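Residue numbers (the numbering used here): 130 to 527.
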């Protein structure tokens, strides 16, 4: 009799935890993240008490809560939870289980954001070894893997890989599905880094024609368009585009602080390009304040903020302050690697700041190394290769 009662209680608790899990998922779909987290937590507490913290069903629910913690910008908690789940899910649930894949995907995304893309790549390789397209988690792992390439400065690999991924995603979801368009959006970001501004502009405008309603995707494409226009020297158009995106950002319910900062930096670059350096500096200073107050660790934004600040200071003739800002940018870009686009831009700005102070030997050393790296990793015709060569050539003979 006692065994029957115990089994009945277990079934009751299992059914209740199932209902709580489904409710947590429904609340997440409605972007009611705080309520979703509370609901998942109730389910976890119930399952832990009844079945144990390392029970398979408990682990599945914990995976759902970890995803919600990321949406709540509770990154440190999410990272700790995902690391703990990774220690148990493969053994308990198996590598082919959806929850195990979700743990690796979530952890990989966080590692990329924290400047640890090589570690993320290793995690994603395991997912891709056990799952393949058209499985949705395989496609997500493929997409994250391309982001890890880009985060290591391997933009050509990311561009080439995204062409294939876009075709595969379109076969599964349709050519105009948001997931397919997101792959295309990521691709244009990498085209900009490769200096292929005209192609990036064309693809941005095509995407905006397909998806013209303000959304996270729309903001991302607008940001890429701003970068492309600045790269083409069309700073007035870039300014108008950046201001429109910043104005309409309010219409996007899940627009992040990071997206606003990225668009603000594009605006500052356009203003510096038009010679309005004081306005650019004020926007860069405000962007840095927003960055400091924002959540989590976002390595990709840290260096560009200081670089744009340094470039505005250079335009104002404040070369010593520009040197300090660009040295900070080089330091912040460290986790991205020595050949990352942001690292090389920061180092080139530093060399230019040294040259403006007539410290020609130091400037020559920096600019020579930057020119070599730009040429080797981005090609001799890349606009930034040519700009670094021009700055180097402008120095007096040694």
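Positions of the beta carbon are idealized from the N, C-alpha and C atoms, including for glycine.
Fair warning: this is a prediction, and the values are worked out from it, not measured in the lab.
Limits of the alpha helix (DSSP H) - the one that residue i falls within
| i | result |
| --- | --- |
| residue 352 | 345-360 |
| residue 461 | 448-461 |
| residue 465 | Looking at the DSSP string, residue 465 is not in any alpha helix (DSSP H), and its letter there is neither H nor E. |
| residue 501 | 489-507 |
| residue 386 | 386-402 |
| residue 202 | First-last for residue 202: undefined, no H or E at that position. |
| residue 315 | 307-322 |
| residue 436 | 428-444 |
| residue 183 | Premise fails: residue 183 is in no alpha helix (DSSP H) and is neither H nor E. |
| residue 525 | Looking at the DSSP string, residue 525 is not in any alpha helix (DSSP H), and its letter there is neither H nor E. |
| residue 415 | 406-422 |
| residue 232 | 227-242 |
| residue 365 | 364-377 |
| residue 295 | 284-302 |
| residue 327 | 326-339 |
Beta-carbon proximity list for residue i, same chain, < 6 angstroms, skipping 5 on both sides
| i | result |
| --- | --- |
| residue 448 | 482, 485, 486 |
| residue 367 | 355, 358, 359, 399 |
| residue 317 | 329, 332, 333, 353 |
| residue 508 | none |
| residue 409 | 397, 400, 401, 441 |
| residue 406 | 441, 444, 445 |
| residue 493 | 524 |
| residue 323 | 284 |
Close-in-space but distant-in-sequence residues of the same chain around residue i (CB under 8 angstroms, 5 per side omitted)
| i | result |
| --- | --- |
| residue 134 | In this prediction, residue 134 scores a pLDDT of 41, lower than 50, which makes its location untrustworthy; no coordinate-derived value is stated. |
| residue 465 | 244, 280, 281, 282, 428, 429, 432, 471, 472 |
| residue 241 | 249, 273, 276, 277, 280 |
| residue 529 | Given that the chain is displayed from residue 130 to residue 527, the structure contains no residue 529 and the question cannot be resolved. |
| residue 362 | 402 |
| residue 211 | 195, 232, 235, 236, 239 |
| residue 186 | 143, 146, 176, 180 |
| residue 390 | 416, 419, 420, 423, 430, 434 |
| residue 378 | 343, 348, 384, 388, 389, 392 |
| residue 218 | 188, 192, 226, 228, 229, 232 |
| residue 171 | 149 |
Exposure label - residue i; buried when at least 16 CB within 10 Å
| i | result |
| --- | --- |
| residue 261 | exposed |
| residue 338 | exposed |
| residue 459 | buried |
| residue 476 | buried |
| residue 247 | exposed |
| residue 144 | exposed |
| residue 293 | exposed |
| residue 223 | exposed |
| residue 526 | exposed |
| residue 181 | exposed |
| residue 376 | exposed |
| residue 510 | exposed |
| residue 159 | exposed |
| residue 343 | buried |
| residue 295 | buried |
| residue 370 | buried |
| residue 327 | exposed |
| residue 303 | exposed |
| residue 305 | exposed |
| residue 513 | buried |
| residue 404 | exposed |
| residue 521 | buried |
| residue 130 | A caution first: residue 130 carries a pLDDT of 37, below 50, which makes its placement in the model unreliable, though a value can still be read off. Exposed: under 16 other Cβ atoms inside 10 Å. |
Same chain, Cβ closer than 7 angstroms to residue i, five either side skipped, listed in chain order
| i | result |
| --- | --- |
| residue 209 | none |
| residue 346 | 307, 310, 311, 314, 340 |
| residue 265 | none |
| residue 517 | 477, 496, 499, 500, 503 |
| residue 454 | 435, 438, 439, 442 |
| residue 321 | 329, 353, 356, 357, 360 |
| residue 519 | none |
| residue 139 | 179 |
| residue 372 | 396 |
| residue 461 | 431, 432, 435 |
Residue i and residue j closer than 8 angstroms at C-beta
| i | j | result |
| --- | --- | --- |
| residue 401 | residue 365 | no |
| residue 149 | residue 168 | yes |
| residue 238 | residue 190 | no |
| residue 153 | residue 165 | yes |
| residue 177 | residue 232 | no |
| residue 263 | residue 301 | yes |
| residue 415 | residue 393 | yes |
| residue 268 | residue 225 | no |
| residue 270 | residue 319 | no |
| residue 214 | residue 206 | no |
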